[in-house]
Amino acid sequence: MVPSRLLRLRARLAPIAAMLNKMSRSCVFCKIVADDAPANIVYRDDQVTAFRDIHPVAPTHILIVPNKHIPSVNELTEEDAALIGHMFIIGRQLAVQDGVDQSGYRMIVNTGSHGGQTVFHLHLHLIGGQRMRFPMG
Ligand code: AMP
Ligand code: ZN
Numbered sequence: 485m486v487p488s489r490l491l492r493l494r495a496r497l498a499p500i501a502a503m504l505n506k507m508s509r510s511c512v513f514c515k516i517v518a519d520d521a522p523a524n525i526v527y528r529d530d531q532v533t534a535f536r537d538i539h540p541v542a543p544t545h546i547l548i549v550p551n552k553h554i555p556s557v558n559e560l561t562e563e564d565a566a567l568i569g570h571m572f573i574i575g576r577q578l579a580v581q582d583g584v585d586q587s588g589y590r591m592i593v594n595t596g597s598h599g600g601q602t603v604f605h606l607h608l609h610l611i612g613g614q615r616m617r618f619p620m621g
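Mapped onto the numbering used here, the consecutive letters of the sequence shown carry residue numbers 485 to 621.
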């Protein structure tokens, strides 16, 4: 691509980039990852942060979030495959840590309005410590 076309493309993408940047700067989970908002953090590494849900629905209710801002499953790409796998492996580890691995638990990712998503920074719910209601939906 010739440089002038690249510059035009960059100018067209700038407002979108600015919007995404603004969204992540006002994102409560980004703030928790950056230690700019309080949370009961139970695990963190270079890829993910896990903390207790502020309104737990069961004795164990932990959110595992990627450290980078991904709004929802809708924005995932092939490049995120290892990160998503890591979120589940850490979830499994935290289930053991909270003593719910043998009794069982749920891992849930809500997406969009019909999915019940309220915080638009991807997160995996780990819920356990009581028998779950079924069916869902
Ligand atoms: P979802 O409805 O799947 O988007 O889940 C969002 C979850 O984030 C809810 O269970 C909220 O209780 C939880 N939540 C929102 N704000 C915070 C916060 N500051 N710290 C911990 N959990 C939060
Ligand atoms: Zn975020």
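A virtual CB, placed ideally from N, CA and C, is assigned to each residue, including glycine.
Bounds of the beta strand (DSSP E) holding I592 are Y589 to I592. Shown here for F513: same chain residues with a beta carbon closer than 7 Å to its own, the five before and five after excluded, namely V549, V603, H605 and H607 in chain order. The ligand AMP approaches G600 closely enough that one of its heavy atoms is under 7 Å from the residue's Cβ.
Per DSSP, reduced to three states, the secondary structure at F604 is coil, with no helix or strand assignment.
Contact between the stretch 540 to 560 and the stretch 606 to 621 is present: three or more C-beta pairs spanning the two stretches fall below 8 Å. CA-CA distance, E563 to V580, rounds to 28 Å. Going by beta carbons, G600 and N558 fall outside the 8 Å limit. Linking V541 to M620 through their CA atoms gives a straight-line distance of about 15 Å. Around the beta carbon of F618, a 10 Å sphere encloses fewer than 16 other beta carbons of the protein chains shown; the residue is thus reported as exposed.
Under the rule that a run must span 3 or more residues, the beta strand (DSSP E) segments found entirely inside the stretch 506 to 576 read 525 to 528, 532 to 536 and 544 to 550.
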